[in-house]
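K.L.:
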Amino acid sequence: MTLGASHPLVDGRTADSPLIAAYRGRKPSRRPVWFMRQAGRSLPEYRALREGTAMLEACLDPGMAAEITLQPVRRHDVDAAIFFSDIVIPLKLAGVDVDIVPGVGPVLGSPVRTAADVAALPVLTDEALDPIRAAVALTVAELGSTPLIGFAGAPFTLAAYMVEGKPSRDHLGPRTMMHSDPETWQALAEWAADASGRFLRAQLEAGASAAQLFDSWAGSLGLADYRKYAAPASARALDAVRGLGAPLIHFGTGTSELLGAMHDVGVDVIGVDYRLDLAEASRRLGGTVPLQGNIDPALLGAPWPVLEQHVLAVLEAGAAAPGHVVNLGHGVPPETDPDVLTRVVKLIHSVEP
284 MTLGASHPLV DGRTADSPLI AAYRGRKPSR RPVWFMRQAG RSLPEYRALR EGTAMLEACL
344 DPGMAAEITL QPVRRHDVDA AIFFSDIVIP LKLAGVDVDI VPGVGPVLGS PVRTAADVAA
404 LPVLTDEALD PIRAAVALTV AELGSTPLIG FAGAPFTLAA YMVEGKPSRD HLGPRTMMHS
464 DPETWQALAE WAADASGRFL RAQLEAGASA AQLFDSWAGS LGLADYRKYA APASARALDA
524 VRGLGAPLIH FGTGTSELLG AMHDVGVDVI GVDYRLDLAE ASRRLGGTVP LQGNIDPALL
584 GAPWPVLEQH VLAVLEAGAA APGHVVNLGH GVPPETDPDV LTRVVKLIHS VEP
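Read in order, the letters of the sequence shown correspond to residues 284 to 636 in the working numbering.
(1) L483 and A523 look like a contact to me (Cβ under 8 angstroms); what is the Cβ gap, rounded to whole Å?
(2) Are the region 377 to 392 and the region 420 to 434 touching, with three or more C-beta to C-beta distances below 8 angstroms?
(3) What are the boundary residues of the beta strand (DSSP E) that includes I432?
(4) Do Q354 and I415 have their CB atoms nearer than 9 angstroms?
(5) Please state whether DSSP places D522 in a helix, a strand or coil.
(6) So with Cβ pairs under 9 angstroms, would you call V552 a contact of chain B?
(7) Enumerated in chain order, which unbroken segments of the alpha helix (DSSP H) with a length of 4 residues or greater are wholly contained in the region 416 to 501?
(8) Reducing DSSP to helix, strand and coil, say where G614 ends up.
(9) What three-state label does DSSP hand I631 in the structure shown?
(10) Can you check which of these residues, S499, V594, L630, is closest to V371 by C-alpha distance?
(11) What whole-angstrom Cβ distance do V379 and L391 have, given they're in contact under 8 angstroms?
(12) With three or more beta-carbon pairs closer than 8 angstroms as the criterion, would you say the region 554 to 574 touches the region 586 to 593?
(13) Output the boundary residues of the alpha helix (DSSP H) element that contains P356.
(14) Quick one: Cα of V381 to Cα of K375, how far?
(15) Touching or not, the region 488 to 498 and the region 523 to 541, by the rule of three or more beta carbon pairs under 8 angstroms?
(16) Let me confirm a value: D477 is counted as buried when at least 16 other C-beta atoms fall within 10 Å, else exposed. Which label applies?
(17) Which residue comes first and which comes last in the beta strand (DSSP E) that contains A369?
(18) Quick check: the region 331 to 340 against the region 293 to 309, are at least 3 beta-carbon pairs closer than 8 angstroms?
(19) DSSP three-state call for L339: helix, strand or coil?
(20) Between the Cα of H290 and those of V594, G427, A501, H359, spot the shortest distance and give me the residue it belongs to.
(21) For G323, which residues from the same chain have a beta carbon less than 6 angstroms from its beta carbon, with the 5 sequence-adjacent residues on both sides left out?
(22) Let me check understanding here. Comparing Cα to Cα, which of G526, R525, E473 lies closest to A514?
(23) Mapping the DSSP letters down to three states, classify Q321 as helix, strand or coil.
(24) Under the rule that 16 or more other beta-carbon atoms within 10 Å means buried, what is Y393, buried or exposed?
(25) On the three-pair Cβ rule with 8 angstroms, is the region 342 to 358 touching the region 444 to 464?
(26) First and last residue of the beta strand (DSSP E) that includes I553?
(27) Using C-beta distances below 6 angstroms, list every residue in its chain close to F367, excluding the 5 sequence neighbours before and after it, in chain order.
(28) In chain order, what residues of the same chain lie with their CB nearer than 6 angstroms to the CB of E425, ignoring the 5 residues before and after it?
(29) Quick test of your reading: V608 and I631, contact by CB under 8 angstroms. State the CB separation rounded to the nearest angstrom.
(30) To the nearest angstrom, how far is the alpha carbon of D362 from that of M461?
(31) Taking C-alpha atoms, which residue in A501, P580, L598 lies nearest to L441?
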């Protein structure tokens, strides 16, 4: 199970890029930085392109998805593109009734709450992922030596949406199902793992140079529940891409107490949200794991001297890890001034690696 000879990691285009070097614990030629949600709503060129096009429709239009993915690379000089898509795209492509409602988020036509509901779920086929492969190929052809990062939602987060049927603050539905009907929960988590794994694999085989598993809602779990009810499915999702040789990153929000268990599912890099100092995160991981993060998105709207001091502190804390890719501790807020992001990138690149 390997990547093809013309893959950017194999033919040399991205293998020595600052991003891949840092992910692999080597010294990069410059400090690598990219931002979660760098593609999208904070950019006027994105809003102009998306006008009149629904979110999932945009994700499944290969030309549009590629253009949106490329926009922040051109504008900000970031060291990676993150594939423009959504964690519910595998559900949509499998045939699940799901849509992204503006101002709400992912909404399912009917929640998945019983063993019969899980048994009735359609299977995501490899053929259904052709629009994803096409979009990745178009993107990679334009990126040159800049790596593309593929991504998928972690099974817990995906399954949580499916049980609730919509976004939730406390995820009581899935947390209750874990304990009251563990067999149904396991079946649902495994379905989500297989869908996310195929989604990741399609992106990597089509040219992505790394892959990130997002567990947006794992922070709602305690460590014991995470290990028992979420981690096995995340490991299963990553099994689909483990042998390809691309760096794998795991990120969650509110997961400071879960970092060791998140690493144990079998990844190369841990993303850290804004709540935990990177030096402390590195200590908790034994000082052996490359880190990604963790500028506080709230400070993007602060006066420049305040933001500058914060960014430099993040760089200093990140030096405790064997590799550090600078990122936000969550996604770019929609009201962010794009010029501020460009200025942050210039600052990071001006500091010797």
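Even for Gly, the Cβ is constructed at its ideal location relative to N, Cα and C.
P.N.:
The answer reads as follows:
(1) Contact flag correct, Cβ pair sits at about 6 angstroms.
(2) Cβ pair count under 8 angstroms is below three, so no.
(3) Counting along the chain, the beta strand (DSSP E) containing I432 begins and ends at 431 to 436.
(4) For the pair Q354 and I415, the CB atoms are not nearer than the 9 angstroms cut-off.
(5) Correct three-state label for D522: helix.
(6) Of the chains in the structure shown, none is chain B; there is only one protein chain.
(7) Taking only runs of at least 4 residues, the alpha helix (DSSP H) segments lying wholly in the region 416 to 501 are 438 to 447, 455 to 463, 465 to 489.
(8) In this structure, G614 counts as coil in the three-state DSSP scheme.
(9) Here I631 sits in helix by DSSP.
(10) Among S499, V594, L630, the Cα nearest to that of V371 is on S499.
(11) With a Cβ gap of about 7 angstroms, V379 and L391 count as contacting.
(12) Not touching, per the Cβ criterion.
(13) As written in the sequence, residue 356 is Val, which differs from the Pro given in the question. Annotation: the continuous alpha helix (DSSP H) that includes V356 extends over 345 to 359.
(14) Taking the straight line joining both Cα atoms gives about 6 angstroms.
(15) Yes, since at least three Cβ pairs between the region 488 to 498 and the region 523 to 541 fall closer than 8 angstroms, the two stretches touch.
(16) Flag for D477 reads buried.
(17) First, the amino acid is wrong: residue 369 is Asp here, not Ala. Premise fails: D369 is in no beta strand (DSSP E) and is neither H nor E.
(18) At 8 angstroms Cβ cutoff, the stretches do not touch.
(19) Helix.
(20) Closest option to H290, Cα to Cα, is G427.
(21) In the same chain as G323, and ignoring 5 residues on each side of it, the C-beta atoms closer than 6 angstroms to its own belong to Y329, in chain order.
(22) Considering only alpha carbons, the answer is E473.
(23) Coil, per DSSP.
(24) Inspection of the sequence shows that residue 393 is occupied by Ser rather than by Tyr. Counting the other CB atoms within 10 Å of its CB gives S393 a total below 16, which places it among the exposed residues.
(25) Taking 8 angstroms as the limit for Cβ pairs, the verdict is that the region 444 to 464 does not touch the region 342 to 358.
(26) Counting along the chain, the beta strand (DSSP E) containing I553 begins and ends at 552 to 554.
(27) Counting only Cβ-Cβ distances below 6 angstroms, and skipping sequence neighbours, we find A322, A348, I351, T352.
(28) Contacts found: L353.
(29) Between the beta-carbon of V608 and that of I631 there is about 10 angstroms, and that puts the pair past the 8 angstroms contact cut.
(30) Roughly 39 angstroms between the two C-alpha positions.
(31) Check the Cα spacing between L441 and each of A501, P580, L598: the tightest is with A501.
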